[in-house]
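First comes the structure, then the notes that go with it.
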Amino acid sequence: MKSILLSSAIAFVSVFYLYKIDNQVFINEKESGEKENLDAPNENFYAQRMYPSNKFDVEGYTQAMQEAAAFNANSERAGTNWITEGPFNIGARVTTVTTQPNNSNIIYIGYSDGGVWKTTDGGTKWFPIFDKQTFLSISDIEIDPQNTNTIYVATGDRDISGYPSIGDGLYKSTDAGATWKNIGLAATRIISNVKVDPTNSNNVYAATMGIPFEKNQDRGFYKSKDAGATWKKTLFVSDSTGVIDMVINPKDPKIIYISTWDRVRSNKISTVSGKGARIYKSIDAGETWKQLSNGLPTGAQSRIGLAMYEKNPDILYTVVVGENLDYQGIYKTTNAGEKWDSVATRLTGLPDKFCAGFGWYFGQIRVNPNNSDDIFVLGVDLWRRKNATAQWELATPEWFFYDVHADKHDMVFTNDNKIILATDGGLYQTKDDCVSWEDIEDIACTQFYRIETNPNEPGLYYGGAQDNGSTGGNAALQEWPRIYGGDGFQMRFHPTDPNTFFCESQNGNIGVTFDKGDSFFPASDAIDDKERRNWDMPYFLSPHDPLTTYTGTFRAYKANYDPETKDTPIWEPISGDLTKGNIYGDRFHNISTIEESPTVPGLIYVGTSDGNVWRTKNDGGTWEKIMNGLPDRYCTKILPLANNQVVVTFSGYKYNDFTPHIFASNDQGTTWKSIKGNLPNIAINDVASLFEGKTSNNKSLIIGTDAGVYASEPSGIGVTWTRLGANMPNIKVYSVKYDVKNKKAIAGTFARSIMTIDYAITVATNELAADDFKIYPTIFSNQINIESKEKQLAKVSLYDLNGRLILNENGNFT
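Numbering of the sequence shown is given in numbering that gives the first Met the number 0, commencing with residue 0 and proceeding in unit increments.
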């Protein structure tokens, strides 16, 4: 028996047991720069936040992110703190790098999704300085030349890939990054570049690309005369053209050059070039502008990059990406843009396709501050021409050696003759003029699409990452291996054979190994590659027979594999088209999740990218649509549990539409009930149970969202959710798992690698029945006694007459 002292009247008592090619268009509207191609990184994650709308709801997304940020700041946290497991050696996309002018050991870098990081010792130790902000996508960092404690950070992802991350304006710090203030331009969503007048700190300039998802007026060049307090737009080219690059004359700061770029990225079109792509010059601090043309290419172009030789600012270079999305040419001016000459490339060693067909992703050129003829262009590899008559040569090892990661995005020269290079896989430095390079950051910011646990190796965590294939390890391993290539997605492990597991790359290219990864065999080749399929095509090994595999394109498939013969599995369809049909295009109508009940063989559930949810009770013999009460949104995950329970989650945003994103059923999906509870209105990407098999229940869940991880706590009046951990910033979490043996929640983040947290609750499958315990003398007394039939470790939740939780207590009840 346990006695509890009460301070108020109690209403009730509840007791519980404790490759990047992105130049595509999906409609017949052939505008300049729009080309057919369906292979786009992150396309799945972009589409799921829009369906069934034709455009991304920026206001709805912003509203949800702000709601989540407020929830996270004002609510209690469950668990302890998150631990970053890694990898630390693989890295993620660094979009920008800058160093303090008088101390090259002080470096600031910005990630496409991982915020701003700083080092004061040249890269030995790094620490985040921007994690309290709502949006952590960074394009540029600028240090005030007159006061190095004043730093500006431009939010949004200027590279605008398949799922462009947006920001909420320009931030300013006056204490070297310790604290930040938003100083406006939130409506522009992507600020590509920011500069400060080197002679007058009040003059601040911002180049903006605007909302990438639609044509809009919030694009162009902005200037401030009061250090960011107020802003004025002085150049607007068109509703689909923004400003992508900017350089300023250090000897005469009224002279500014900018380049513009036509870029719109919705779920229907992707404009990557156009006639708006040009170079402009201002001689009055950005008040008026002149388009430069003499010697520059005409017609439609893609991204344009600029570089200035600061010892003689009349010398500038530009790299122009053509409509074919490889470079069109490199041009030089020696008279401040009055006339431009072509720089020899094709006959002097620079490959025609050094941008590999996606030059819009780079658009960067640099000039050695000590030699006006020594120039570098950034692409998949880094290319260099040391003087006006030299051949072009590689300045880094070829990308496939991984000595320096592929895809270069920024480069700076330090005053002590170092060069620092930002890539898709981290930050590199050379001290010997490009003879050798070293990785100077071990920041775990890898972007994971999917994660998995391995039952044969508890405590090791695996996953598939953007541009970094499949890998696995934990915090104790300094070097995580590269297990499988491409964009990494879902991994599956045989429950008892440690040598057999599956990996997947984009578009459902599944490989299986029978020798623990030494060699892989194709496991999905038998499925027609012309069938509509998800970029992250789901598949699983049956919990009842691990030799049986299921997957889905627009229809469900089943196969058996034989580790003895190593034959390619023979896939047989077990359904017809489970989508709404090919309405918007292949990318938007496919199976997005497929799972089997852990307790009932042949009970299989399917969710689609266009809002359908199905079940079959006879292994695909017949199918029933189970949409009663569910929204028409992208279905991100179906999680079958025990006792006929099943949970389903959805994505999507719509302003002032608070449709729940998570539902549960106790009758195999015949009826559904929202279990959103107190969750912020954030899209849910994945859900996992804290328990397995016959003990799983929908009151013990963790979910991954666009703003971190949440856990459900049984409360007696519905579901109460708490944010897991106090140290995870507002980042996308696309995949969650639970390590039952080690009692850890696992998060596959798209900004901070794989993270784990100690988290366990003791809770039974069901609440205690009324005759399982006694409460006396009365629930309205100052003291009550709770007595159970057997000694139990239990959790008591007490509520007042208004339904407010006033006591949670664990204890032994006898």
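Quick reminder that beta carbons are idealized off the backbone N, C-alpha and C, glycines included.
**Study point:** C-alpha gap between F649 and T607, whole angstroms
**Key:** As a working mapping, residue 649 is identified with position 650 in the sequence shown. As a working mapping, residue 607 is identified with position 608 in the sequence shown. Each residue's alpha carbon lies about 10 Å from the other.
* Check the C-beta distance from G358 over to V320 and give it rounded, since I have them as a contact under 8 Å. => Here residue 358 corresponds to residue number 359 of the sequence shown, with the count starting at 1. Here residue 320 corresponds to residue number 321 of the sequence shown, with the count starting at 1. That pair is a contact at about 4 Å.
(Q) For the pair the region 338-347 and the region 246-257, tell me if three or more CB-CB distances fall below 8 Å. (A) no
Q: Measure the alpha-carbon distance for N677 versus T499 and round it to whole angstroms.
A: Along the sequence shown, read from residue 1 onward, the residue named residue 677 stands at position 678. Along the sequence shown, read from residue 1 onward, the residue named residue 499 stands at position 500. Each residue's alpha carbon lies about 42 Å from the other.
- Length of the line joining the Cα atoms of A186 and S160: Counting from 1 along the sequence shown, the entry for residue 186 is found at position 187. Counting from 1 along the sequence shown, the entry for residue 160 is found at position 161. Roughly 20 Å separates the two Cα atoms.
| request: Measure how close the beta-carbons of L377 and Q363 come, nearest whole angstrom, since I'm counting them as under 8 Å. | output: Taking the sequence shown and counting its residues from 1, the one referred to as residue 377 is at position 378. Taking the sequence shown and counting its residues from 1, the one referred to as residue 363 is at position 364. Sure, about 4 Å apart at Cβ, within 8 Å.
_Once DSSP output is grouped into helix, strand and coil, what is the label at L638?_
Within the sequence shown, the letter at position 639 stands for residue 638. The answer is strand: DSSP assigns L638 an E or B state.
*asked:* On a Cα-Cα basis, can you pick out the residue from D631, P572, V246 and L640 that is closest to G619?
replied: For the purposes of this step, residue 619 is taken as residue 620 along the sequence shown, with counting starting at 1. Of the listed residues, the one whose Cα sits closest to G619 is P572.
Look up F212 in the DSSP assignment and say whether it is helix, strand or coil. As a working note, residue 212 is residue 213 in the sequence shown. If DSSP states are grouped into helix, strand and coil, F212 belongs with coil.
ask   = Under the rule that 16 or more other beta-carbon atoms within 10 Å means buried, what is N202, buried or exposed?
value = By 1-based counting over the sequence shown, the position of residue 202 is 203. Classification of N202: buried, given that the 10 Å Cβ count is 16 or more.
* Looking only at C-alpha atoms, which of T198, G113 and W179 sits nearest to S164? -> Numbered from 1 along the sequence shown, position 165 holds the residue referred to as residue 164. Closest by alpha carbon: G113.
**Asked** The beta strand (DSSP E) with P667 in it runs from where to where?
**Response** Here the question's residue 667 lines up with position 668 in the sequence shown. The displayed chain sequence assigns Gln, not Pro, to residue 667. That residue, Q667, is in no beta strand (DSSP E); it is neither H nor E in DSSP.
- How would you write the range of the alpha helix (DSSP H) that Q99 sits in, first residue to last? As a position in the sequence shown, residue 99 is number 100, starting the count at 1. Element bounds for Q99: not the alpha helix (DSSP H) but the beta strand (DSSP E), V93 to Q99.
Check: Considering G425, what are the terminal residues of the beta strand (DSSP E) in which it resides?
Finding: In the sequence shown, residue 425 corresponds to position 426, counting from 1. Its beta strand (DSSP E) spans residues G425 to T429.
Quiz prompt | CA-to-CA distance, V57 to L723, given in whole angstroms | solution = Translated into positions along the sequence shown, residue 723 becomes position 724. Translated into positions along the sequence shown, residue 57 becomes position 58. Going by the C-alpha atoms only, they are around 26 Å apart.
Thinking C-beta only, is G747 closer than 7 Å to G462?
Residue numbering aside, residue 462 sits at position 463 when the sequence shown is read from its first letter. Residue numbering aside, residue 747 sits at position 748 when the sequence shown is read from its first letter. The answer is yes: Cβ separation under 7 Å.
Next item on the list: Ignore the nearest five residues each way along the sequence and tell me which others in A641's own chain have a CB closer than 8 Å to its CB.
Entry: For this step, residue 641 is matched to residue 642 along the sequence shown. The answer, listed in chain order, is P597, T598, G692, K693, T694, S695, N696 and T764.
Item checked: Spatially closest choice to G516 from S752, H493 and A525, by CA coordinates -> Mapped onto the sequence shown, residue 516 falls at position 517. Answer by Cα proximity: H493.
**Prompt:** Secondary structure at N71, three-state DSSP: helix, strand or coil?
**Reply:** Residue numbering aside, residue 71 sits at position 72 when the sequence shown is read from its first letter. N71: helix per DSSP, three-state reduction.
Exposure label - G707; buried when at least 16 CB within 10 Å
In the sequence shown, counting from the first residue as 1, residue 707 sits at position 708. Buried: at least 16 other Cβ atoms inside 10 Å.
- [ ] Let me know the beta strand (DSSP E) ranges lying completely inside the region 355-397, each 3 residues or longer, listed in chain order.
- [x] 363-366, 374-377 and 381-384
| task | Sort L629, G510, Q47 and E594 by Cα distance to R614 and report the nearest one. | result | Working through the sequence shown from its first residue, we reach residue 614 at position 615. Nearest C-alpha to R614: E594.
Roughly how far, in whole angstroms, is the beta-carbon of G471 from the beta-carbon of I482, given that I think they are within contact range, below 8 Å? Sequence index remark: in the sequence shown, residue 471 carries index 472 (1-based). Sequence index remark: in the sequence shown, residue 482 carries index 483 (1-based). Yes, they are in contact, since the Cβ atoms of G471 and I482 sit about 6 Å apart, within 8 Å.
Please go through the region 150-211 and give each complete beta strand (DSSP E) segment of 3 or more residues, from N-terminal end onward.
150-154, 169-172, 190-195 and 203-207
So for T552, helix, strand or coil by DSSP?
Reading the sequence shown from its first residue, position 553 is the one you call residue 552. Looking at T552 - three-state DSSP - the assignment turns out to be coil, as it is neither helix nor strand.
> Measuring CA to CA, which of D566, T669, V115 and D561 is closest to K616?
Replying inline: For the purposes of this step, residue 616 is taken as residue 617 along the sequence shown, with counting starting at 1. Cα-wise, what sits closest to K616 is T669.
| query | Using DSSP with H/G/I as helix, E/B as strand and the rest coil, what is V57? | reply | Working through the sequence shown from its first residue, we reach residue 57 at position 58. DSSP places V57 in helix when its eight states are reduced to three.
Is there contact here, the region 342-350 with the region 134-146, by at least three beta-carbon pairs under 8 Å? no
Got a sec? Which residues, its chain only, sit under 6 Å from D705 by beta carbon, not counting five neighbours each side?
Translated into the one-based positions of the sequence shown, residue 705 becomes position 706. Within the same chain, D705 has close Cβ partners I681, A682 and K731.
- Item | Beta-carbon proximity list for F129, same chain, < 6 Å, skipping 5 on both sides | Here residue 129 corresponds to residue number 130 of the sequence shown, with the count starting at 1. G114 and V115.
Using three-state DSSP, classify T691 as helix, strand or coil. Here residue 691 corresponds to residue number 692 of the sequence shown, with the count starting at 1. Per the sequence presented here, residue 691 reads as Glu, with Thr not at that position. Here E691 sits in coil by DSSP.
Note to self: Output needed for G227: all residues of its chain with C-beta closer than 7 Å, excluding positions within five of it in sequence on either side, in chain order.
What the structure shows: Start at 1 with the first residue of the sequence shown, and residue 227 comes out as number 228. Result list for G227: L169, K171, I182, G183 and V203, in chain order.
Checking the sheet assignment: what are the DSSP bridge partners for V342? Residue mapping note: residue 342 aligns to position 343 of the sequence shown, counting from 1. Looking at the DSSP assignment, V342 forms no beta bridge with any residue, so it has no partner.
Can you check whether the CB of E397 is closer than 7 Å to the CB of R383?
Within the sequence shown, residue 383 is the residue found at index 384, counting from 1. Within the sequence shown, residue 397 is the residue found at index 398, counting from 1. No.
Sorted by chain position, which residues of the same chain lie with C-beta nearer than 8 Å to N323's C-beta, five sequence neighbours on each side aside? Stepping through the sequence shown from its first residue, residue 323 is reached at position 324. Closer than 8 Å at the Cβ level, and outside the excluded window around N323, lie G356.
For M245, three-class secondary structure by DSSP = The residue you call residue 245 lines up with position 246 of the sequence shown. Correct three-state label for M245: strand.
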